[in-house]
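Engineer: Take a look at this one; I'll ask things after.
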Amino acid sequence: MPIQKFELTSIEGKRFTALTEKHRNIRIDHNSSVTLVTQTSDDEVSVDFRFTANYTGIGLIKIEGKFVFQGGEAQEFVKTWNDSGQMPPVIASEVHTAIMSNCIPEAMFIARDIRLPPPVPLPKINVGQQKKEGESDGKPSGYA
1 MPIQKFELTS IEGKRFTALT EKHRNIRIDH NSSVTLVTQT SDDEVSVDFR FTANYTGIGL
61 IKIEGKFVFQ GGEAQEFVKT WNDSGQMPPV IASEVHTAIM SNCIPEAMFI ARDIRLPPPV
121 PLPKINVGQQ KKEGESDGKP SGYA
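Terminal number for the sequence shown in my numbering: 144, no gaps in between.
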């Protein structure tokens, strides 16, 4: 695994509205961005990042941190970043997946503490409701 030494350096959570205010259809936007890429050795790169969960008009969770990207692609990563501010697609996928998979659970705890909805969609459970005509039951056609 090329992602090593993942650490959080800053955690910020803000609620902009009172607890008594009721909101419907809360939009939660997630964003992860790489802020700095620094080569530390021939096969290691230090990556600083920022993760945000923006509850439009209601609150904000911001997490910053860094980790070490290790592997044969390290030099390509730094070169591409320095040339264009971009990452090769395979590396970008790995980097953003690592950021999200480490920050979303942390953001869930922060959201709980400041009484915001969790930053992931919760499944909707419908018990005992009849299916309406033309409504899908989620199964591919041809299955009973």
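Glycine is no exception: its CB is placed at the ideal position from the N, C-alpha and C atoms.
Would you list, in sequence order, the uninterrupted beta strand (DSSP E) runs of no fewer than 3 residues that lie entirely inside the segment 22 to 48?
Structural biologist: As far as the segment 22 to 48 is concerned, its whole beta strand (DSSP E) runs of at least 3 residues are 28 to 41.
Engineer: Report buried or exposed for G57, applying the criterion of at least 16 other Cβ atoms within 10 angstroms of its Cβ.
Structural biologist: Label assigned to G57: exposed.
Engineer: For the alpha helix (DSSP H) holding T80, just list the boundary residues, first then last.
Structural biologist: Note, T80: alpha helix (DSSP H), A74 to S84.
Engineer: How close, in whole Å, do the beta carbons of D48 and L36 come, if the pair is a contact with beta carbons under 8 Å?
Structural biologist: Rounded, the Cβ-Cβ distance is 4 Å, consistent with contact.
Engineer: Between F6 and the rest of its own chain, which residues show a CB-CB distance below 6 Å, the 5 nearest in sequence each way excluded?
Structural biologist: So the list reads F67 and N102, once near-sequence residues are dropped.
Engineer: What's the C-alpha gap between E21 and I114?
Structural biologist: Roughly 14 Å separates the two Cα atoms.
Engineer: Starting from T56, follow the beta strand (DSSP E) in both directions and report where the run begins and ends.
Structural biologist: First-last for T56: undefined, no H or E at that position.
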